[in-house]
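Peer 1: Position 3, counted from 1, in the sequence shown is what this note's numbering calls 106; the numbers after and before it change by one each time, with no gaps.
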Amino acid sequence: MSKAAIIQELEKSQLKSSICAFCVGDTIRVHTRIIEGEKERVQIFMGTVIARKGTGLSETFSVHRVAYGEGMERVFPLNSPRIAKIEVVKEGAVRRGKLYYLRGTSGKKSKVKASRGRRKVAVAAVANSEKSNDSVENNESTES
């Protein structure tokens, strides 16, 4: 096996299987785990997806929102263990691959038209599937 093939196999094992299907223009709610000292909490960032980049483990997506008159943008790694859940709130109908023109807009200009239900709305609960896999592995190890 070549080095590239080995790396590809390792990346496949690290990919999340239950990722929500969302596109550029959709309004999504990203639940991220934040660790403060010994405590862990979930923070929600809601906004419009303006870009998706990369493939495999290095795939990222950018979410843009306007709060208190200021535009905020955050880039999330798609396969990050810090992302607990991604919810699609509203599907957007756009004709561009990247919506960078939304950065300089505010008010009604920054709205994206809603699509007419062409895609199914799905919710990815990555944390639940990971916890259930861990508990199954723990049960198997204690039984033997």
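By construction, the Cβ of each residue, glycine as well, lies at the ideal position given by its N, Cα and C atoms.
Measuring CA to CA, which of S213, D129, T208 and K212 is closest to I189?
Peer 2: Here the closest residue by C-alpha is D129.
Peer 1: Could you give the distance in angstroms between the alpha-carbon of V169 and the alpha-carbon of I153?
Peer 2: The alpha-carbon atoms of V169 and I153 are separated by roughly 13 Å.
Peer 1: Expressed to the nearest angstrom, what Euclidean distance is found between the alpha-carbon atoms of R144 and A187?
Peer 2: For R144 and A187, the distance between alpha carbons rounds to 10 Å.
Peer 1: Measure the Cβ-Cβ separation of I131 and V192 and say whether it is below 8 Å.
Peer 2: For I131 and V192, yes; Cβs fall inside 8 Å.
Peer 1: Please list the terminal residues of the continuous beta strand (DSSP E) segment that includes A187.
Peer 2: It spans I186 to K193 - the beta strand (DSSP E) in which A187 sits, taken as one unbroken run.
Peer 1: If you follow the alpha helix (DSSP H) that L112 is part of, which residue opens it and which one closes it?
Peer 2: What sits at residue 112 in the sequence shown is Glu, not Leu. Taken as a continuous stretch (DSSP letters only), the alpha helix (DSSP H) holding E112 covers K106 to Q117.
Peer 1: Spell out the partners DSSP gives K142 in its beta bridges.
Peer 2: DSSP lists E139 as partners of K142.
Peer 1: Looking only at its own chain, which residues have a Cβ that is under 8 Å from the Cβ of R206, when we skip the five neighbours before and after it?
Peer 2: Hits under 8 Å: I153, H167, G174 and E176.
Peer 1: Please tell me whether G71 and T151 are closer than 8 Å, where the distance is taken between their beta carbons.
Peer 2: Given that the chain is displayed from residue 104 to residue 247, the structure contains no residue 71 and the question cannot be resolved.
Peer 1: In chain order, what residues of the same chain have a beta carbon less than 8 Å from the beta carbon of R219, not counting five sequence neighbours either side?
Peer 2: Here the set comprises A196.
Peer 1: Tell me, which residues are paired with G174 by DSSP?
Peer 2: Paired residue(s): V169.
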